[in-house]
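In our numbering, the protein residues as written are 13 to 276.
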């Protein structure tokens, strides 16, 4: 495991816990339990700084994570100019995999973060909702297009226009944005097990594959293929050492030993 001293995350408040539970893994835990981890400006800024650092730290290959009360005249401009979205994560386009581990309720922006995650592990008691219409606001931090893309127009309309809450089982079997439902006590351990599975693969190949998924959200099949093949992340795969190591390990019938990806 990477020693914590070897990694120096940015300064952050007590509202966010930063841990390294396994090699190449970043764990972010929202730490306002008395307020059900409701987002604050301080927590949002903590997340932005730490996630910006995470994206550029080659030793970290993947990560996971465990306000708006009155209208503002400049709200539209603020949202449009915020490229990362709610919690600095609901609209972030990161080539490193992100796993959401949800043990309780994810409402509004929390569900928007979940919808922008790559893999979602939920406890049996987890709840999800985009209830903004019930309060006169809009799920404008990325949740609308992501939900429509994942579940289709009619099911997205059901969640968004009714503002109804669904449980983990329905989120998995009917809406399809939860990968696994486990007992609450097993949420973090299951997420870590998934992370270790990902970390057993080439970080170069994983990040290039993730980029292809991101491109497919906004481009058609042909454009995605061309943009992905020509991207710096894909170039790094084919010019890097990990592709050689993977092929050599396959020929030698042994587990590969991956190196940190080169900085782009």
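For glycine and all other residues, C-beta sits at the position ideal for the given N, C-alpha and C.
Selection 264, 163 and 148 evaluated against residue 182 yields 163 as nearest (Cα-Cα). Only buried fits residue 273, as 16 or more other CB atoms lie within 10 angstroms of its CB. Taking a cut-off of 8 Å for Cβ pairs, the region 15-34 and the region 169-181 do not touch, as fewer than three such pairs fall below it. With contacts defined as CB atoms closer than 8 Å, residue 222 and residue 70 fail to qualify as a contacting pair. Leaving aside the five residues that flank residue 45 on each side, none in its chain has a CB nearer than 8 Å to its CB. In this structure, DSSP gives residue 32 a state outside helix and strand, which the three-state scheme calls coil.
Around the beta carbon of residue 139, a 10 Å sphere encloses 16 or more other beta carbons of the protein chains shown; the residue is thus reported as buried.
Relative to residue 189, the option among 152, 39, 51 and 125 whose CA is nearest is 125.
At the C-beta level, residue 119 and residue 143 come within 8 Å of one another. Between residue 245 and residue 229, the C-beta spacing is not below 8 Å. For residue 195, the CB contacts under 8 Å within the same chain, skipping 5 residues up- and downstream, are 135 and 136 in chain order. By DSSP's assignment, residue 119 forms a beta bridge with 141. Residue pairing by DSSP puts residue 192 in a beta bridge opposite 133.
The straight-line gap separating the alpha-carbon atoms of residue 205 and residue 111 is approximately 11 Å.
The three-state secondary structure of residue 113, taken from DSSP, is strand. The Cβ-Cβ distance between residue 200 and residue 116 does not fall below 8 Å. For residue 40, the uninterrupted beta strand (DSSP E) run begins and ends at 37-42, by DSSP.
For residue 179, the three-state secondary structure derived from DSSP is strand. In the structure shown, residue 270 falls within a coil segment according to DSSP collapsed to helix, strand and coil. Rounded to whole angstroms, the Cβ separation of residue 75 and residue 19 is 12 Å, and the two are not in contact under 8 Å. Residue pairing by DSSP puts residue 74 in a beta bridge opposite 37.
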